[in-house]
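Report on the following structure.
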Amino acid sequence: MDYQAVLEQIVQDIAPQVGGGRPAEYIPVLASVDPSLFGMAIAEVDGTVHGIGDWQRPFSTQSITKVFTLALALAQGGDGLWARVGREPSGNPFNSLVQLEYENGIPRNPFINAGALVVTDQLLTLNGDASNELLGFLRQESGNPRLGFDAQVARSESEFGDRNAALAHFMASYGNIANPVPTLLEHYFRQCSIEMSCGDLALACRFLARHGLRADNTRLLTRSEAKQINAVMLTCGTYDAAGEFAYRVGLPGKSGVGGGIVAVVPGHCTLCVWSPGLDARGNSVAGVAALDRFTTLTGLSVF
Ligand code: DON
2 MDYQAVLEQI
12 VQDIAPQVGG
22 GRPAEYIPVL
32 ASVDPSLFGM
42 AIAEVDGTVH
52 GIGDWQRPFS
62 TQSITKVFTL
72 ALALAQGGDG
82 LWARVGREPS
92 GNPFNSLVQL
102 EYENGIPRNP
112 FINAGALVVT
122 DQLLTLNGDA
132 SNELLGFLRQ
142 ESGNPRLGFD
152 AQVARSESEF
162 GDRNAALAHF
172 MASYGNIANP
182 VPTLLEHYFR
192 QCSIEMSCGD
202 LALACRFLAR
212 HGLRADNTRL
222 LTRSEAKQIN
232 AVMLTCGTYD
242 AAGEFAYRVG
252 LPGKSGVGGG
262 IVAVVPGHCT
272 LCVWSPGLDA
282 RGNSVAGVAA
292 LDRFTTLTGL
302 SVF
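The letter at position 245 of the sequence shown is residue 246 when you use the numbering used here, and the numbering goes up by one with no holes.
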């Protein structure tokens with residue numbers, strides 16, 4: 002497959018959509034990112050990377066990190082995690098509170114904010130740290146030792162973090178958070194602030210296309226666990242738009258409000274696309290369009 006030619010074709014096809022939507026506005030530092038930026042990278046399972054546009058430019062990974070914390074928590078702590086967080090699409094916005102009371106403090110899935118807070122809490126319990134554990138993993142998998150937290154984003158997340166604090170305290174009231182809420186929030190906000198490029202992210206999620214094998218060929222997850230994470234990404238990775246994303250793209254994917262989306266073609270490659278303009282559900286407009294074109298042009302999909 003000539004992936005570079007595919008990327009060039011995608012850029013032509015989706016040009017009218019780049020700049021569509023609006024960058025995330027809940028913190029000023031994200032609201033000021035230029036919406037006309039667009040990058041896309043493909044990492045083959047052997048580590049060969051292809052990229053186009055702004056694919057080497059770091060951006061705020063935000064909720065994409067939820068995939069990696071889930072993988073680490075399952076790898077290190079096993080599937081007891083699933084007693085604390087479900088695996089069903091929520092059909093609600095990523096930061097919604099409503100289901101939590103009806104469902105006794107057990108979040109629907111690990112990719113909405115409530116579920117991700119539980120996962121980070123589990124990592125904290127397992128390691129005494131979560132954000133640095135995650136950063137170390139991402140540096141190793143991407144091969145980029147320069148990856149780091151964006152202190153300004155982390156501070157802003159905290160300053161405007163009332164909703165995440167409410168989610169964490171509410172779950173703590175049901176006994177579903179083990180660590181002090183302020184400590185958990187500090188790690189969660191730092192986790193969201195990690196800056197990576199499309200190239201870094203495509204490489205970092207290769208273990209999901211390689212059935213659980215890390216970049217150094219050691220095993221992170223069983224084949225079955227890798228399949229399970231891909232399945233939850235397909236059904237829950239783009240929040241209340243997961244049905245539409247599966248319909249248009251047909252791949253496991255995970256978005257973040259920084260405008261990035263990662264997607265996995267198991268056994269073939271991983272993709273990361275970035276463009277800051279978001280739709281009403283918090284997914285990159287040009288990013289979804291580009292992944293839609295990718296599966297149409299290549300025929301690569303899980304279906
Ligand atoms: O927790 C938050 O609200 C953000 N730091 C991350 C949310 C996010 O990326 C949701 N994704 N679309």
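Cβ atoms here follow ideal geometry from the backbone N, Cα and C, with glycine treated the same way.
With H, G and I counted as helix, E and B as strand and the rest as coil, what does DSSP make of residue i?
i, result
"SER198", "coil"
"SER302", "coil"
"ARG85", "coil"
"PHE208", "helix"
"SER97", "coil"
"PHE60", "strand"
"ARG220", "strand"
"LEU118", "helix"
"LEU38", "coil"
"SER33", "coil"
With residue i as the anchor, note down where its beta strand (DSSP E) starts and where it stops.
i, result
"CYS270", "270 to 275"
"GLN230", "It should be pointed out that residue 230 corresponds to Ile in this sequence rather than to Gln. No beta strand (DSSP E) holds ILE230; the alpha helix (DSSP H) holding it covers 224 to 237."
DSSP beta-bridge partners for residue i?
i, result
"HIS51", "ILE43"
"VAL182", "DSSP output for VAL182 lists no bridge partner at all."
"ARG23", "LEU279"
"PHE150", "ILE195"
"GLY254", "ALA264"
"SER159", "In DSSP, SER159 forms no bridge with anything."
"LEU214", "ARG220"
Where do the N-terminal and C-terminal ends of the alpha helix (DSSP H) with residue i fall, by residue?
i, result
"GLY261", "Looking at the DSSP string, GLY261 is not in any alpha helix (DSSP H); the run it does join, the beta strand (DSSP E), is 261 to 266."
"SER143", "132 to 143"
"TYR248", "243 to 249"
"TYR175", "TYR175 -> no alpha helix (DSSP H), and no H or E assigned at all."
"GLY92", "Note, GLY92: premise wrong, no alpha helix (DSSP H); not H, not E."
"ASP14", "4 to 15"
"GLY129", "Segment: none, GLY129 is in no alpha helix (DSSP H) and carries neither H nor E."
"LEU75", "66 to 78"
Cβ-heavy atom distance between residue i and ligand 2 below 7 Å?
i, result
"GLN5", "What this structure holds is ligand 1, not ligand 2."
**OP:** With a cut-off of 6 Å, give the chain-ordered residues whose Cβ is closer than this to any heavy atom of ligand 1.
**Re:** GLN63, SER64, PHE95, ASN96, ASN114, GLU158, ASN165, CYS193, SER256, GLY257, VAL258 and GLY283
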